[in-house]
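Here is the structure we will look at.
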Amino acid sequence: MTDDRAVEDLLRTLAPQVLGLLVRRHGQFDRCEDAVQEALLAAATQWPGQGVPDNPRAWLLTVATRRLTDEWRSERARRDREVAVALREPAYAGVAPAADAEPTVTDADDTLTLLFLCCHPALAPSAQVALTLRAVGGLNTAQIARAHLVPEATMSQRIRRAKQRIEAAGARFGMPAPGEREERLRTVLRVLYLIFNEGYTASSGPDLHRVELTGEAIRLARVLHGLLPGDGEVAGLLALMLLTDAHRAARVGPDGELVPLAEQDRTRWDRTDIAAGIALITEALTWSPPGPYQLQAAIAAVHAEAPTAAATDWPQIAALYRLLARIAPNPMVTLNQAVAVAMVDGPRAGLALLAPLDTDERTAGHHRLAAVRAHLLELAGEIGAARDAYLAAARGTTSLPEQRYLELRAARLAAQR
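Counting from 1, one number per residue, gives the positions in the sequence shown under UniProt numbering.
See below:
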């Protein structure tokens, strides 16, 4: 017998390698991906009871290749029955596997190429996330649907459309041209960070965390770091994920309520992840120009090194946010910068930074803007205005833990009046 979790971890590691081999040989990303999913299902069913084969990657490749062979044979038979139609059809795309040939396994790892393909610019971000989780993460459609709280049929259609969009865009399985590679890598990093953030603070539903998403994002970031150890932003993203996820156990109270950073029991932070994250970002910043993920990781490291909330080095955090706002300005950076500035220069200074966001279409009416404003108004002693802002934030979020926390803050302020 083999442990189910060990089998699952192994399959997620092997899935992109097998899919990459198939697509590189035969093209037809859509069909190859379906074949690999069937091979993964067969392995998940058989290996726990029968044991993992001596060469598990070759086993998966053989099963997936036979699935492709059967499909092409079936299609050829159908086409032979429709000779008149077949003569008018264009040449078949992709190279079918030989009928009786056993596939050979090479040492090539196409995971990075596969990540670039799943994050093709022709796809919307939601499609990039779904396709990455399935093709590179090895998750099945039901798992991805559960993680995003949507029906399986909805997620299946999203993934199918994404694969069709890639085919329609004429995407080829290969590394992007040098001029495009850097931009595509940034897209990959953004997609992994989207997956992580959705898992760390679920945008909707009853739970604050979706551990399957944060765990998969960290695993894929580790894979990417192993493939590109000389990229400072890849190291920065992995460090940021580790340092952020280290707080997970302390972010939820006994009744599932959200516990803000300043009130967390820091003895419950994962010190192993913190040490790994600090080591990663410290080393990366010695040789790489600081990018957005490295700066965010550096900020997370400052928080992690503070033994108490009161001991936090807010001047250093504010300085890092100023640098981050210069090189990668966006409203969410401004929101966090406002809190840091308020801790250094007072809540009025932080509130002044928030004012321009009221007319920014990306944040106007967003619950996070209302929540930060409520916090700063509370620090400034404007209890009534803070309560109103907390209630506005609670109305704007679809996350039940966030909603309960914001309503509780408002209720506490109402009791003070």
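Don't be surprised by glycine CBs; every beta carbon is placed ideally from N, CA and C.
Computed from a predicted model, the values in this text were never measured in an experiment.
Return helix, strand or coil for residue i, following the three-state DSSP convention.
{"i": "T106", "result": "Here the model assigns T106 a pLDDT of 47, short of 50, so the residue's position is not dependable, and the following value carries that caveat. Three-state DSSP puts T106 in coil, outside helix and strand."}
{"i": "A371", "result": "helix"}
{"i": "N197", "result": "helix"}
{"i": "L361", "result": "The amino acid at residue 361 is misidentified as Leu; the sequence shows Glu. In the structure shown, E361 sits in coil (DSSP, three-state: anything other than H, G, I, E or B)."}
{"i": "P356", "result": "helix"}
{"i": "F173", "result": "coil"}
{"i": "H120", "result": "coil"}
{"i": "T308", "result": "coil"}
{"i": "residue 492", "result": "What is shown of the chain runs 1 to 417, which leaves residue 492 out entirely."}
{"i": "W314", "result": "helix"}
{"i": "Y293", "result": "helix"}
{"i": "Q264", "result": "coil"}
{"i": "D30", "result": "helix"}
{"i": "D3", "result": "coil"}
{"i": "N330", "result": "coil"}
{"i": "L228", "result": "coil"}
{"i": "T282", "result": "helix"}
{"i": "A93", "result": "In this predicted model, A93 has a pLDDT of only 45, less than 50, meaning its place in the structure is not dependable; the value taken from the coordinates is given anyway. A93: coil per DSSP, three-state reduction."}
{"i": "H303", "result": "helix"}
{"i": "R210", "result": "coil"}
{"i": "D345", "result": "helix"}
{"i": "A246", "result": "coil"}
{"i": "A99", "result": "Interpretation of A99 is limited by its pLDDT of 42, a score under 50 that renders its predicted location unreliable; the figure taken from the coordinates is listed afterwards. It is coil, neither helix nor strand."}
{"i": "Q270", "result": "Per the sequence shown, residue 270 should be read as Asp rather than Gln. Coil, per DSSP."}
{"i": "A410", "result": "helix"}
Check this for me: beta carbons of residue i and residue j, under 8 Å apart or not?
{"i": "A297", "j": "L240", "result": "yes"}
{"i": "R251", "j": "L208", "result": "yes"}
{"i": "A284", "j": "A235", "result": "yes"}
{"i": "A309", "j": "L243", "result": "no"}
{"i": "A338", "j": "L376", "result": "yes"}
{"i": "P292", "j": "L335", "result": "no"}
{"i": "W314", "j": "V344", "result": "yes"}
{"i": "R31", "j": "C119", "result": "no"}
{"i": "A394", "j": "E382", "result": "no"}
{"i": "A130", "j": "I159", "result": "yes"}
{"i": "V7", "j": "A44", "result": "yes"}
{"i": "D245", "j": "I218", "result": "yes"}
{"i": "F29", "j": "F173", "result": "yes"}
{"i": "A340", "j": "Y321", "result": "yes"}
{"i": "H225", "j": "L213", "result": "no"}
{"i": "L369", "j": "L379", "result": "no"}
{"i": "T141", "j": "S126", "result": "no"}
{"i": "V191", "j": "Q128", "result": "yes"}
{"i": "V52", "j": "L117", "result": "no"}
{"i": "A249", "j": "R268", "result": "yes"}
{"i": "L357", "j": "Y390", "result": "no"}
{"i": "A162", "j": "T154", "result": "no"}
{"i": "A67", "j": "E38", "result": "Looking at the sequence shown, residue 67 is not Ala but Arg. A contact, by the Cβ cut-off of 8 Å."}
Based on the DSSP secondary-structure assignment, which residues constitute the bridge partners of residue i?
{"i": "L258", "result": "V252"}
{"i": "S399", "result": "G205"}
Taking only runs that begin and end inside the region 34-78, name each unbroken alpha helix (DSSP H) of 4 or more residues, in chain order. none
Inter-stretch contact (C-beta, 8 Å, three-pair minimum) for the region 358-366 and the region 377-387: no
Would you call the region 16-29 and the region 113-126 touching, i.e. three or more CB-CB distances under 8 Å? yes
Does the region 223-237 touch the region 253-261, meaning 3 or more C-beta pairs lie closer than 8 Å? no
Flag this pair as touching only if the region 159-178 and the region 50-70 have three or more C-beta atom pairs under 8 Å; answer yes or no. no
Inspect the CB distances between the region 129-145 and the region 11-19 and report whether three or more fall short of 8 Å. yes
Which residue spans inside the region 116-163 form an unbroken alpha helix (DSSP H) run of at least 4? 125-131 and 141-148
If contact is defined by three or more beta carbon pairs under 8 Å, each pair taking one atom from either stretch, is the region 389-400 in contact with the region 190-208? yes
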